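Asker: Right, I'll just put the structure down here and ask away after.
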């Protein structure tokens, strides 16, 4: 687990609802159970500040960091998809992008990762398609300096044609296998965590669960049911995730509050 990715998970899953800020000491303490060393945390924080995700601030207990408006939008979008709080409706229309890709390889990779995160699949290097509009996409493309055209389109062949287009844009077979691997990998790790387990252990197990589940934001566009194969593995995997994430939440919350309290507690003066 990379420190930067873990910080996104930490702010999104725990700190967003607690004001979106925390002292550095608490960030270090909260990532320690994941095996992330303090220098890696501080390096990742500095990188996220340069990239516009975090802002430094002075708390009563010392230096800390808060999320920026840009990060808040991204974390809220991610949370809605991680916990699948909204119904996936589809009116039969696609959001279609035709763009001029950046010339630099790293710029192309970064743009592709961001478009994939927003739910777009690629038909070729210039043409991207999604089954829902993403409010961020225009801002993303403009900030990337990419020239593009955007269309709303329907498939002339109706749902069968749309299903064929979806299978060109996304490898649903591989995504389905990834969901099956997720459940197989996580089940033995989670079954050993019970109500008798220490809060830190439950927090770490839940963090790993959410972190693994979050990777599907870059794999699965969460297509409408009408375009998915029968007995879609993502449905049972989502039920598995929801059940264990809810089960471990109280203990994880207690551990987070403990670490935040420790990070904001003023040091005792000498002689007291």
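Numbering (my numbering), first residue to last: 854 to 1125. Cβ coordinates follow ideal geometry from the N, Cα and C atoms, glycine included. Nothing here was measured: the structure is a model prediction, and the numbers come from that model.
For the putative contact between residue 1074 and residue 942, defined by C-beta atoms under 8 Å, what is the C-beta separation to the nearest angstrom?
Answerer: Walking along the chain shown from the start, residue 1074 turns up at place 221. Walking along the chain shown from the start, residue 942 turns up at place 89. With 8 Å as the limit, residue 1074 and residue 942 do not qualify as a contact, their Cβ atoms being about 14 Å apart.
Asker: Along the chain, where does the beta strand (DSSP E) containing residue 982 start, and where does it finish?
Answerer: As a position in the chain shown, residue 982 is number 129, starting the count at 1. 980 to 983 is the span of the beta strand (DSSP E), which, as asked, contains residue 982.
Asker: In the DSSP output, what is residue 1001 paired with across the bridge?
Answerer: Position 148 of the chain shown, counting from 1, holds the residue named residue 1001. Per DSSP, 952.
Asker: Based on Cα-Cα distance, which residue from 1097, 975, 1043 lies nearest to residue 950?
Answerer: As a working mapping, residue 950 is identified with position 97 in the chain shown. With distances taken between Cα atoms, residue 950 lies closest to 975.
Asker: Can you tell me where the beta strand (DSSP E) with residue 1079 in it begins and where it stops?
Answerer: By 1-based counting over the chain shown, the position of residue 1079 is 226. No beta strand (DSSP E) holds residue 1079; DSSP gives it neither H nor E.
Asker: Could you tell me which of 915, 954, 1037, 982 sits nearest to residue 1005, measuring between CA atoms?
Answerer: Here residue 1005 refers to the residue found at position 152 when the chain shown is read from its first residue. When each option's Cα is compared against that of residue 1005, the closest is 982.
Asker: If distances are taken between C-alpha atoms only, which option among 944, 964, 947 comes closest to residue 955?
Answerer: For the purposes of this step, residue 955 is taken as the residue at position 102 of the chain shown. The candidate whose alpha carbon is nearest that of residue 955 is 964.
Asker: Pick helix, strand or coil for residue 918, following the three-state DSSP scheme.
Answerer: By one-based count along the chain shown, residue 918 stands at place 65. In the structure shown, residue 918 sits in a strand (DSSP, three-state: E or B).
Asker: For the region 860 to 874 and the region 1057 to 1066, state whether three or more C-beta atom pairs, one from each stretch, are separated by less than 8 Å.
Answerer: Touching, yes.
Asker: Could you name the residues of the same chain whose beta carbon sits closer than 6 Å to that of residue 1056, not counting the 5 residues immediately before and after it, in chain order?
Answerer: Taking the first residue of the chain shown as 1, we reach residue 1056 at position 203. Correct list, in chain order: 1105, 1108.
Asker: Report the rounded CA-to-CA distance for residue 996 versus residue 960, giving the unit in angstroms.
Answerer: Position 143 of the chain shown, counted from the start, is the residue given in the question as residue 996. Position 107 of the chain shown, counted from the start, is the residue given in the question as residue 960. Spanning the two alpha carbons is a distance of roughly 12 Å.
Asker: Do you know whose CA, among 900, 875, 1065, 1097, lies nearest residue 1045's CA?
Answerer: Position 192 of the chain shown holds residue 1045. Closest by alpha carbon: 1097.
Asker: Please state whether DSSP places residue 1018 in a helix, a strand or coil.
Answerer: Translated into positions along the chain shown, residue 1018 becomes position 165. Helix.
Asker: Could you tell me the alpha carbon to alpha carbon distance between residue 904 and residue 859, rounded to whole angstroms?
Answerer: To locate residue 904, count along the chain shown from 1; it is residue 51. To locate residue 859, count along the chain shown from 1; it is residue 6. Near 16 Å, if we compare the C-alpha coordinates of residue 859 and residue 904.
Asker: Does the region 1078 to 1095 touch the region 1027 to 1035, meaning 3 or more C-beta pairs lie closer than 8 Å?
Answerer: With a cut-off of 8 Å, the region 1078 to 1095 and the region 1027 to 1035 count as touching, because enough Cβ pairs lie within range.
Asker: Nearest by alpha-carbon distance to residue 907: which of 914, 894, 921, 1069 is it?
Answerer: Numbered from its first residue, the chain shown carries residue 907 at position 54. It is 921 whose Cα lies nearest to the Cα of residue 907.
Asker: Quick one: measure Cβ to Cβ for residue 919 and residue 871, integer angstroms, because I've assumed they're closer than 8 Å.
Answerer: Counted from its first residue, the chain shown places residue 919 at position 66. Counted from its first residue, the chain shown places residue 871 at position 18. No, residue 919 and residue 871 are not in contact; Cβ-Cβ is about 11 Å, not under 8 Å.
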